[in-house]
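Counting from 1, one number per residue, gives the positions in the sequence shown under UniProt numbering.
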Amino acid sequence: MARDFGPCGITINIVQPGPIDADANPENGPMKDLMHSFMAIKRHRRPEEAAEMATWLLRARRPAS
């Protein structure tokens with residue numbers, strides 16, 4: 001999307017934290033080793049970490065034009 005809309009002056013922000021440690025996807029679940037094998041940081045994220053990043057993006061001021 002950023003490549004499509006960037007030339008129009010539209011910026012794109014995304015929060016993609018990877019796997020989140022939750023009941024439906026626990027860090028110690030059966031897919032842990034597979035998921036962690038291709039991740040730079042070999043751990044599931046906490047829900048608070050994803051929320052903090054989204055909050056930071058929402059609060060960030062737009063750059064001056």
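Backbone N, C-alpha and C define an ideal beta-carbon position, used for all residues, glycine too.
It should be emphasised that the depicted structure is a prediction, and the values quoted were computed from it without experimental measurement.
| Item | Value |
| --- | --- |
| Going by DSSP in three states, Ala22 sits in which element: helix, strand or coil? | strand |
| Counting only the same chain and skipping the five closest in sequence on each side, list residues whose C-beta sits under 6 Å from that of Pro30. | none |
| By alpha-carbon positions, which one of His44, Thr11, Glu48 ends up nearest to Pro19? | His44 |
| Kindly indicate which three-state DSSP category Arg59 falls into: helix, strand or coil? | helix |
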